[in-house]
Amino acid sequence: MRTDLLRVLVPAFSFALLLGVVFWLQPRTMSYLGLNLLFNLAVPIALATIAQMIVIALDDLDLSIGAFVSFCACVTATFLNDAPLVGAAILLGAIGVYALVGAVIWLRDLPSIVVSLGMSFVWSGLAVLILPSPGGAAPEWVRAVMTVRPPVLPMAIVASLAIAAVAHLVVMRSSFGTALRGVGGNARSMQRAGWSVLSLRAGAYALAGLFGVMAGVALVGLTTAADANIALRYTLLTIAGVILGGGEFNGGRVSAIGAVIGALTLTLAASFLTFLRLSNDWQIGAQGAILILVLAVRLVLNRRESYR
Amino acid sequence: MSGVPHRPWVWSFGAAAAVFAATLLVTGGTGAAGLGQAALTFAAFSVIVGIGQMFVITLGPGNIDLSIPATMTLAGTVALKAMDGAAGTELLGLGAALGIGLGVGLGNYALIKALRIPPIIATLSTSFIIQSAAIWTNRGLRIKPPDSLAAFATGAPLGVPNVALVALALAAIAWLLLERSLFGRRVAAIGQNERAARFAGVPIDGVRLATYALCAVLAGLAGFLLACFSGGAALNMGSEYLLMSIAVVVIGGSSVAGGSSNVPGVWGASLFMFLIVSMLNTYGFGAGVRMILTGLIIMTVIFAAGGGRVRRR
């Protein structure tokens, strides 16, 4: 239990520290508008990070999530806008493909890295077919949802809290979520205990696909247009977010709340340099440095824990 | 080895040859020499990074180097800057590129070891930092490589492109290292069973350190050659080689689970990957269809070859 708590505390603390420094450097960010600007683009990243976290909980890795979110964004900006029913059907079909991939990986005992690598080409190709050049338009309702101005807390914060809460309930608290993490821990013993690993994995991948779809829709709601490469960098960003949030590569050890915090931290790390008036060239580098720093802190804390 | 074809690399060459023939069917046999030259040239870059990635993947589950594209870009950029287009600086540029590769490799393993984090995360974080360093160095960079190097990278005085000869020599050395040297045997032993290798007295850390350094040095070399070949370094010059380096290893018949690798297969798979794209081009398919088919082919190969083996990334 203690290590579980530690798993969330370290990322939460490092996030709070980073946010504190940003507030100190630029007090104007400490406002409704400022917070919204800081974290606006974190919403789709947080959704995609949850998708990646579900796959990592299964002991797999999804190298196609960036291409998949781009594909969903392209569908949202075109079909979902022009012919909502067709668009919804395509997105549902895409979730079905995700479930199928999850099932095939298990049935044929394939390495998830390579399968998702292949799928990333497929999603990117489909996205290019739909939108050969940047364009499209966000459906009215999507735009309305993403730009709504709730009282007290800005949309970006409310959305992040909601994503963390829902993902926590589904992945950490429900029986499905527990079984899912069990598959990541030891698939064979789950099978012996009478669970169908096949349907659990297909269900988990479908859930990951659902979060990927939501990430694509949310992204278009913010950018109002899409292109085929819009979210390619999400693939590496989401892996970093999951690990930053206390997830581990094996044994189904993940944290939903941590993953959302990880996504927020990476978003903040990218804009951090602007506040230090440093060159934007180092934006991506700052994300890498934060990642290394947090992992180093966690190592030290874990060590102290094991000495007791 | 039961269930796995005796020489898995034969398949990748067979597939490459079939695609080559299918392309020539459309053109009616014209352009065979040109297509062959182009295939050898572009496959060479994939081979160089693919060999490095293969050594790393052979180390066993979880070992992978995600920093290859960033290393290529940084090495190409810094090398061109060091040479500044002047004649007589070729060795300085090569040294800079290889030095950056070596630094990245040592840094990668230092992180893996010191923070005890999975190689994916370690190489991911360093790649973020290297990428930023490349953006910073590359700003406004419009330096051409020295004429001698540009001529070397694009030339083919012996009928075969020079870069292909370099890749061929490297592949031969890699094969010798892997199959005939103590180092190669140790890499495979770690990949098959790290515990057993440790008990057998294999210096795990030394071998892994050398492997990550080797991979990054090869990435640096590939970046150097690519920058000279294309007449300058661009920020996105390495981007396609992340997926490519993994794909050629897997299609080439090396085990994704580690412990078993295949040097000739990397060549076959690299030729195959280039030829398939040019075939689809010749058939008049657009970029979208080309990517979809590439993805389906990668999955078909792994689906046909991968079943039943020890799985794990």
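Going down the list, the sequences are from chains A and B.
59 is the number that this note's numbering gives to position 59 of the first sequence; each next residue is one higher, with no gaps.
584 is the number that this note's numbering gives to position 276 of the second sequence; each next residue is one higher, with no gaps.
Every residue gets a Cβ at the ideal spot worked out from N, C-alpha and C, and that includes glycine.
- Per the DSSP secondary-structure output, ALA226(A) pairs in a beta bridge with GLY135(A).
- Excluding its 5 nearest sequence neighbours in each direction, ALA351(B) has C-beta neighbours in its own chain below 6 Å: SER578, LEU579 and PHE582, listed in chain order.
- Annotation: ALA193(A) to MET53(A) spans about 24 Å, alpha carbon to alpha carbon.
- Every alpha helix (DSSP H) of 4 residues or more that sits fully in the stretch 502–584 of chain B is shown, in chain order, as 502–507, 512–537 and 549–559.
- Where TYR591(B) is concerned, there is no enclosing alpha helix (DSSP H), because DSSP gives it neither an H nor an E.
- In the three-state reduction of the DSSP assignment, GLU248(A) falls in the coil class, being assigned neither a helical nor a strand state.
- Contact with chain A is found for LEU419(B), since one of that chain's Cβ atoms lies less than 8 Å from the residue's Cβ.
- Between ILE365(B) and TYR549(B), the C-beta gap is not smaller than 8 Å, which leaves the two residues out of contact.
- Measuring C-alpha to C-alpha distances from PRO150(A) to each of GLY209(A), LEU33(A), GLY251(A) and LEU237(A) identifies LEU33(A) as the nearest.
- Closest in C-alpha terms to GLY499(B), from the list MET391(B), THR590(B), ILE429(B) and GLY567(B), comes GLY567(B).
- Nearest Cα to VAL574(B) within the set LEU382(B), ALA330(B) and MET362(B): MET362(B).
- Taking the beta carbon of SER196(A) as reference, no residue of chain B falls within 9 Å; the closest one sits roughly 19 Å away.
- Here LEU485(B) carries a helix assignment [DSSP, helix/strand/coil].
- Residue contact check for GLY258(A) against chain B: no CB pair falls below 8 Å.
- When the Cα atoms are used, GLY87(A) and LEU293(A) turn out to be separated by approximately 42 Å.
- Annotation for ASP455(B): the continuous alpha helix (DSSP H) segment containing it runs 455–462.
- In this structure, the straight-line span from the alpha carbon of SER320(B) to that of ARG277(A) is close to 52 Å.
- Within the same chain, ALA46, THR49, ILE50, SER160, ILE163, ALA164, ALA167 and GLY245 come within 8 Å of VAL260(A) by CB-CB distance, once the 5 residues on both sides are set aside.
- Rounded to the nearest whole angstrom, the C-alpha separation of PHE272(A) and LEU25(A) is 9 Å.
- For TRP195(A), there is no enclosing alpha helix (DSSP H), since its DSSP letter is neither H nor E.
- Under the Cβ criterion of 8 Å, SER553(B) is not counted among the residues facing chain A.
- One thing to note: LEU63(A) has its Cβ within 8 Å of the Cβ of ILE113(A).
- Close to SER320(B), with beta-carbon spacing below 9 Å, lies no residue of chain A; the smallest spacing is near 15 Å.
- Each residue's CA atom was taken as its position, placing MET119(A) and GLY603(B) some 6 Å apart.
- For the stretch 405–434 of chain B, the set of residues with a beta-carbon nearer than 9 Å to any beta-carbon of chain A comprises LEU419, ALA422, LEU423, ARG424, ILE425, PRO426, ILE428, ILE429, ALA430, LEU432, SER433 and THR434, in chain order.
- Neighbours of THR381(B) in chain A, taken as residues whose beta carbon is under 9 Å from its own, are absent, since the nearest beta carbon is some 12 Å off.
- Using beta-carbon distances, LEU276(A) does not count as an interface residue toward chain B, since no partner is under 8 Å.
- If only uninterrupted alpha helix (DSSP H) runs of at least 4 residues are considered, those enclosed by the stretch 21–47 of chain A are 32–39.
- Within the model, the alpha-carbon separation for TRP123(A) versus THR147(A) is close to 28 Å.
- For the pair GLY93(A) and ALA206(A), the Cα-to-Cα distance works out to about 10 Å.
- Cα atoms of ALA595(B) and ILE584(B): separation of roughly 13 Å, rounded to the nearest angstrom.
- Using beta-carbon distances, LEU604(B) counts as an interface residue toward chain A, with a partner under 8 Å.
- DSSP places VAL242(A) within a helical segment (H, G or I) once states are collapsed to three.
- In this chain, the alpha helix (DSSP H) harbouring PRO427(B) covers 427–446.
- For the pair MET214(A) and PRO44(A), the Cα-to-Cα distance works out to about 8 Å.
- The beta-carbon distance between PHE436(B) and ILE65(A), rounded to whole angstroms, is 17 Å. This is too long to meet the 8 Å contact definition.
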